[in-house]
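Chains as they are written, first to last, in my numbering: chain A, 280 to 664; chain V, 280 to 664. Note that CB positions come from ideal geometry on N, CA and C, so glycine has one too.
Protein chains: 2
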Amino acid sequence: VINQSLVGLIEACMASDRVEGIYGAHRGIQGILDEDFYDLSNELPENLEGVAVTPCAALRSIRKKPTHDDCERVLEVFQAHNVRYFFYIGGNDSAETALILNKVAVAEGYDIRLFHVPKTVDNDLLVTDHCPGYGSAARFVALALMGDNEDNRSLPGIKVDVIMGRDAGWLTAASRLARTREEDGPHLIYVPERVFDMDSFLGDVEDAYKKYGRCLIAVSEGIHDAQGQLIAKSKETDAFGNQQLSGSGALGDQLVSQIKKLGDGLRVRADTFGYLQRSFFGIVSKLDCEEAREVGHAAVRFATEGDAPHGSVVIQRDGEGMNYTPRYELAAIHEVARNTKVLEERYIVGDNGICESFLDYVAPLVGELPHSTRLSAVRVPKKLE
Amino acid sequence: VINQSLVGLIEACMASDRVEGIYGAHRGIQGILDEDFYDLSNELPENLEGVAVTPCAALRSIRKKPTHDDCERVLEVFQAHNVRYFFYIGGNDSAETALILNKVAVAEGYDIRLFHVPKTVDNDLLVTDHCPGYGSAARFVALALMGDNEDNRSLPGIKVDVIMGRDAGWLTAASRLARTREEDGPHLIYVPERVFDMDSFLGDVEDAYKKYGRCLIAVSEGIHDAQGQLIAKSKETDAFGNQQLSGSGALGDQLVSQIKKLGDGLRVRADTFGYLQRSFFGIVSKLDCEEAREVGHAAVRFATEGDAPHGSVVIQRDGEGMNYTPRYELAAIHEVARNTKVLEERYIVGDNGICESFLDYVAPLVGELPHSTRLSAVRVPKKLE
């Protein structure tokens, strides 16, 4: 939903009489350094609506932390184009970029209002109740697990689903939405907030398999041992030398190879959701779209009408349940930058469970989900032996 | 959409005055051997509608090829319950099970009408124009690639997406739907109908990366070398001798490790769509649902009103384009069993392309897709050097 926020920013800037022109930097900070801007002042509303529902940054993205020299160059470019409002969309790394830039601007006395606009499927920003992008990615995870639960029930075995989240288990925890009956999976959920112990894991898998006749497992890509070493990085099964987490099936395949040792002929499989969960076309939470759009509007409101010269937009909830009211506030960028908000302790049960109260948190963000239905299942009496 | 066909069968049997009771075998042939049946005669319509939209076999599944003794036992069970109509839903392995069973029934003079009802996401059944299940899985693949194309565009690199299809490239070819602009991916599509040569592959990837500044690649899990050896190997096989391919990230990771040799610092990732493409909750083609339901109706019609004592239901198209009319016919089971219909030659371009005419075939099955929208992208003139 990142483009919902972009369109929210553009719309609100178009509507403000304080804004004379709207530029979009091509690839974030890199585009500013290259003086590579799109003029967004004349985008047509219909086109913007199309952009808003297209996944992944329409202005394209970058992984770059600016140096002090970079910041000097940015201010020079801003000066040349008389840029006086600046909005940077992204997660805690993007907030850090905004923070670094803001520090230099303040030190140099460059007059600018600079805001971080939150977006991360990881949901790991501090201060805010939740992050735009999370509800839609969590919806993907919930629907995937709901379907996979049916698949695992139809053709029983042990199935591992590896879900994004290096440092925080928010997205993996959303798999809990698929469990609407006691027998439904995921039967085990592993998040990076807990130390992952392979022996305990194998014991838990064996127990669940005995209990349910099958076992569906959700695992964060970021699970690690007591020393903080990623399980995915272990030399044991790093078959192809890949070190990154997403975009590799290494962790899933490693867990499968361990689980297979539990017994001959066990049907064990792994899927790694990878980039699908952050980019799949059309799987979005309606509320997430609305909030992402509104976060853009709010950022412009804070910038053009508020007192604060800089900040990070945060969302708070008023009321509970499916129809809470979101409230948009401002936090200091330094409170949000770099650091990670991990999954709250109160949501985690033991080593491998997410408690029901988490559903109150996540369900409104994800929106209504379909229901799986069983046959009424009256057994026919046997007539033979 | 397998449960659409199941519900179609149940509905049509309920409506037929030739049918006195409706049993569902729990886990296919295994349930018959175990005399393990559900009585489906009194399922409520509302519940059936819920079952119809729930993914994966509601009666649960099995991979089992019956022996002659098994078939004798099946007939004994059928006799005990006076089973005179039999419908078996599935792909070419299920058709083979139906064929084996039918041969024994005919030899023994057991009076039964026995039909294979097609369902496979692989779309690889002979005779039929297309298979129920394919349109919905192809829709998943198209939406995944459309999103991944945006992701790959936003943060450029080389991305490999591994798609189901051991012997036939139908599902992988559906990735072609994501390519609505010349610059869109997938830029390269590899299907098992072509020999996969690693050196040619790496050369093609390098060329595409030079041309587009990024490269999105769709690969069938079943790609193999000139000797027919799978590029991804697994020791595990099922009862029909099929090697396990899905549920592992091995092929994707192997291709990534090869591609990384093309240059230091290349951003190379792989995702393996795995079981998501056949079980994801809610991603279905409307037409596929309707046809899957109707295939069930047609099977009962053939069984109770037709002359043929056995057969496999096939779908043919009348007319072209998005609004063709499906026609339901009967083929001999032996024409459908075991064998595979590979992707037609006329749809394949060179070693790694799917031609535009394939879209005429696949687009109606998948249904309308969303559109990605670009900013109008007017560059701002530079003011600095």
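Review point. Where do the ends of the beta strand (DSSP E) carrying P397 of chain A lie?
Key: 392–397
Check your understanding: Taking DSSP as the reference, what is the three-state secondary structure of H613 of chain A?
Key -> helix
Practice item. Name, please, each residue of chain V whose Cβ falls closer than 7 Å to the Cβ of D318 of chain A. Key: V657, V659
Check your understanding: Applying a beta-carbon distance threshold of less than 8 Å, which residues of chain A neighbour W330 of chain V?
Key -> It is worth fixing the name first, because residue 330 of chain V is Val in this sequence and not Trp. Simply T652, R653, L654.
Practice item. With a threshold of 16 other CB atoms inside 10 Å of the CB of Q506 of chain V, please say whether the residue is buried or exposed. Key: exposed
Review point. Which chain V residues are close to V356 of chain A, counting only those with a beta carbon under 7 Å from its beta carbon?
Key: L663
**Study point:** Short Cβ contact (7 Å threshold) for V592 of chain A with V396 of chain A
**Key:** yes
Exercise for review: In the DSSP assignment, find the unbroken alpha helix (DSSP H) run with F480 of chain V in it and report its ends.
Suggested key: 477–491
Exercise for review: Could you check the C-alpha separation between E472 of chain V and I502 of chain V for me, to the nearest Å?
Suggested key: 8 Å
Check your understanding: Can you list the residues of chain V that E322 of chain A reaches, using a CB-CB cut of under 7 Å?
Key -> L654, S655
Check your understanding: In whole angstroms, what is the alpha-carbon distance linking S479 of chain V and H466 of chain A?
Key -> 44 Å
Exercise for review: Taking only beta-carbon positions, decide if V427 of chain A is within less than 7 Å of chain V.
Suggested key: Looking at the sequence provided, one finds Asp at residue 427 of chain A rather than Val. Chain V contact via Cβ: present.
**Study point:** Residues near F552 of chain A by beta carbon distance below 6 Å, same chain, minus five either side
**Key:** I442
Review point. Taking 7 Å as the CB-CB limit, is S454 of chain A close to chain V?
Key: no
Exercise for review: Within the segment 549–610 of chain V, note down every full beta strand (DSSP E) run reaching 3 residues or more, in order along the chain.
Suggested key: 589–597, 604–610
Check your understanding: Within 7 Å (strictly less), CB to CB, does F581 of chain V reach chain A?
Key -> no
Check your understanding: Would R596 of chain A count as contacting chain V if we go by Cβ distances under 7 Å?
Key -> no
Check your understanding: Between F444 of chain A and D401 of chain A, which are expected to be in contact by the criterion C-beta below 8 Å, what is the C-beta distance as a whole number of angstroms?
Key -> Note that residue 444 of chain A corresponds to Gly in the displayed sequence, not to Phe. Yes, they are in contact, since the Cβ atoms of G444 of chain A and D401 of chain A sit about 6 Å apart, within 8 Å.
Review point. Out of A:E375, A:Y364, A:H360, A:P324, which has the shortest C-alpha to C-alpha gap to K665 of chain A?
Key: Outside the modelled stretch of chain A, which goes from 280 to 664, sits residue 665 of chain A, for which no answer is possible.
Review point. Does the beta carbon of E314 of chain A come closer than 7 Å to any beta carbon on chain V?
Key: yes
Point to revise | C568 of chain V burial status per 10 Å Cβ neighbour count (16 or more: buried) | key: buried
Check your understanding: To which residues does DSSP link S499 of chain V through a beta bridge?
Key -> V:I442
**Study point:** Reduced DSSP secondary structure (H/G/I, E/B, other) of R458 of chain A
**Key:** coil
Point to revise | Helix, strand or coil at I437 of chain A [DSSP, three-state] | key: strand
Review point. Comparing the C-beta of C335 of chain V with each C-beta of chain A, is any distance below 7 Å?
Key: yes
Check your understanding: Would you report the Cα separation of G414 of chain A and V563 of chain A, rounded to the nearest angstrom?
Key -> 8 Å
Point to revise | Coil, strand or helix - D517 of chain A by DSSP | key: Note that D517 of chain A scores 33 on pLDDT, short of 50, meaning its location in the model is unreliable; the coordinates nonetheless yield the value given after this. In the structure shown, D517 of chain A sits in coil (DSSP, three-state: anything other than H, G, I, E or B).
Practice item. Note down, in chain order, all residues in the segment 356–389 of chain V with a beta-carbon under 7 Å from any beta-carbon belonging to chain A. Key: V356, A359, H360
Practice item. Would you tell me roughly how many angstroms separate the C-alpha atoms of S284 of chain V and V621 of chain A, rounded to the nearest one? Key: 45 Å
Check your understanding: Where E664 of chain V and V356 of chain A are concerned, what is the direct C-alpha to C-alpha distance, given to the nearest angstrom?
Key -> 10 Å
Practice item. Report, in whole angstroms, the separation of the C-beta atoms of I468 of chain V and I633 of chain V, which I expect to be a contact under 8 Å. Key: 5 Å
Review point. Between the C-alpha atoms of V470 of chain V and P345 of chain V, what's the straight-line distance to the nearest angstrom?
Key: 31 Å
Review point. Closest Cβ-Cβ distance between I553 of chain V and chain A: below 7 Å?
Key: Checking the sequence shown, residue 553 of chain V turns out to be Gly, not Ile. Yes, because at least one Cβ of chain A sits closer than 7 Å to the Cβ of G553 of chain V.
Check your understanding: What residues from chain A crowd round N326 of chain V, counting only those whose CB sits closer than 7 Å?
Key -> T652, S655
Point to revise | Contact belief for E429 of chain V with C335 of chain A at Cβ below 8 Å, rounded distance in angstroms | key: 4 Å
Point to revise | DSSP-derived helix/strand/coil call for G303 of chain V | key: strand
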